[in-house]
Structure formats: C-alpha cells, structure tokens
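Protein chains in written order, with our numbering: chain A, 1 to 128; chain B, 1 to 128.
Heads up, the beta-carbon is just placed ideally off N, CA and C, and yes, glycines get one too.
These numbers come from a predicted model, not from an experiment.
Have a look at the structure below before the remarks.
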DNA sequence: ATAAAAAGTAAGGAGTACCTAACAATGATA
DNA sequence: TATCATTGTTAGGTACTCCTTACTTTTTAT
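In structure tokens, the structure reads:
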C-alpha cells in the first residue's frame, strides 16, 4: 500500500502535469514545505512502485499506473469535499482540508454512497 | 498531537476499563495483534503524555486527561459509524472499519454537522 | 566566460511504530 | 517446593518520513 504522504505527492504531480505540462522536484518541496532531500527520497520511492519515472533533472513523468492511482485519489477528494460542502454545509476551506486527510483512509464503498446520496438529494431539490 | 495508533490504544484502554474494570498490556497486544514489546513502548509513550499511569505489572490506570481524550475519540467514532449506517446505508462492519480510521483525522466541526444532520433527518422521518 | 543562484544528491540523524530473541519476574500447579 | 507458563522488559533491528549540512551539477545573469 502507498502511504498518505506519497499519495499526496502523486496527486500533486498528476494535477500539476495536467495544468502546466511538467513538474520539478522543487515544486513538490515548495508545495508541501518539505526539504529537497525529502522530495528526492519520496520520488525514488514512487519510482520504485512504478507510479512515476524519475530521472533526476531530466524530469518527472507519471506512469499509467500512477495516473490510475492519482485519479482515484482525486476522485475521492472531490466527492468528499463536495459532500461536506453541499450536504453538510461545511465551509470550503475546512472541507478541503479534511478531504485531504480522509481521502487516504476511506473505502471506495463509502465514497460511492456519498456520491449517490448527493446526486439524489440534488435531484429532489430540483423537483421541489 | 497524539498519533492514530496511540489514540487507538487509549480508546481501547478506556473502553476495556469501563467494561471490565481493568486492563493489562497483554490485552492490548492481543486486541491489536502487536508484540508485547510494542505495547510496552506504546504504554510508556501514553504515560509520558499523562494520558495513563503505567506501573508495569501493577496495572494501567487512565488519567483524567486520558479519559477526556478517549471520550472524544469514542464520540467521533460513534457519530461517524452512525452516520455511515443510518444516512449512507453502509453495512455495520464497513462503517465501523472506516470510523476507526477516519476518527483520527477528521475535524470536530464536521463531526458536529454530521450529528446535527442525522438528528434533523430522523426528526423529519418521524413527521412523515 | 565566470560567478552566483537554483536544483538535486549524499551522508548522517531523529522520531515513530513496528519486529524478534533473550531474559526476568510473577503466578499457577503438580 | 520446584517447574512451567504467562507477562513484561531489554536490546537490537527494520522501515518510513522527515530533517540538516555539505556537496555537485546545471542554469542564469553579468
């Protein structure tokens, strides 16, 4: 199993590549406020797990497997955050912060139920 | 901050004392499937944090501070599990398993909203 | 072109949470 | 009472995730 930290980094790598086409180790260092050596280490671990291809200064590429993994996390994050905001009326910031932590431990089953619950709730509101 | 593991052990200590009046290190070892030395170590850390009083074979006592802490966790656990079962229709076992993990990372604010949401939902069902 | 800044790596350290093997103390029992 | 099982501790080890300090490599700017 991938750890919460590594999952966070992978998620960030994925999102950043989508947004800006590329990412460097230093970006992760800045985003998470961790030292450059810690990033190096984390990237080596992600590469060991075949989630990224890391060739030092030559750049960071995300593998197919890494994209799958990252997408799963992003989806969980999104559904959690939306559920908190739209159903529980939590403020956006708190919702995001908590989604970031819960996404690493919650089962897919609950995520799916949250999604369906939200969808049916919104449908009901349209009708009224 | 207390770690998820220590919080689990403290929760178990609290629940067991309520149920059976006393608890021994070996009970924790069996309950969580961790070695006796690991339990020793964890109990020393909990004692360092003034959450328990640990005097080896003389027994484990939970402090006032420890009870507060444990109660908070138990409450979070209960509300999460109930919310999953009653609102999201998750099966009891999955609900419990996930509550065990999420209770360590979720903010009080969301727990309170979950509780209120569930209460108002149940009230509405009574009326209909 | 060279000096300085930026980015990355290597080496070594710390804390947490586990482990096993071996030992000590306590308790039960034959 | 002597022995054996149970419980707990000590010592030493692993893996993870972070750190700092001190390098090297690359890029940038003068």
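Determine the chain A residues that contact residue i at a beta-carbon separation under 8 angstroms, and present them in chain order.
i	result
residue 89 of chain B	113
residue 117 of chain B	87 and 88
Going along chain B, which residues have a C-beta under 8 angstroms from residue i?
i	result
residue 107 of chain A	94, 97 and 98
Can you name, in chain order, every residue of its own chain whose Cβ lies under 7 angstroms from the Cβ of residue i, other than the five neighbours on each side?
i	result
residue 22 of chain A	59
residue 27 of chain A	16
residue 92 of chain A	85
residue 53 of chain B	47, 61 and 63
residue 37 of chain B	none
Can you name the residues of chain B whose CB is closer than 7 angstroms to the CB of residue i?
i	result
residue 84 of chain A	110
Among the residues of its own chain, which have a CB less than 6 angstroms from the CB of residue i, if the five just before and after it don't count?
i	result
residue 96 of chain A	81
residue 73 of chain B	7, 11 and 103
Under 7 angstroms Cβ-Cβ, which residues of chain A neighbour residue i?
i	result
residue 102 of chain B	102, 105 and 106
State the Cα-Cα distance for the pair residue i and residue j, rounded to the nearest angstrom.
i	j	result
residue 1 of chain A	residue 124 of chain B	42 angstroms
residue 112 of chain A	residue 55 of chain B	47 angstroms
residue 88 of chain B	residue 119 of chain B	14 angstroms
residue 25 of chain A	residue 30 of chain B	43 angstroms
residue 49 of chain B	residue 3 of chain B	11 angstroms
residue 45 of chain B	residue 14 of chain A	38 angstroms
residue 32 of chain A	residue 19 of chain A	18 angstroms
residue 71 of chain B	residue 5 of chain B	16 angstroms
residue 75 of chain B	residue 69 of chain A	33 angstroms
residue 117 of chain B	residue 117 of chain A	13 angstroms
residue 41 of chain A	residue 41 of chain B	28 angstroms
If the criterion is Cβ atoms closer than 8 angstroms, does the pair residue i and residue j meet it?
i	j	result
residue 43 of chain A	residue 66 of chain A	no
residue 102 of chain A	residue 39 of chain B	no
residue 110 of chain A	residue 90 of chain B	yes
residue 8 of chain A	residue 94 of chain B	no
residue 77 of chain A	residue 99 of chain A	yes
residue 121 of chain A	residue 79 of chain A	no
| Does the region 56-71 of chain B touch the region 84-93 of chain A, meaning 3 or more C-beta pairs lie closer than 8 angstroms? | no
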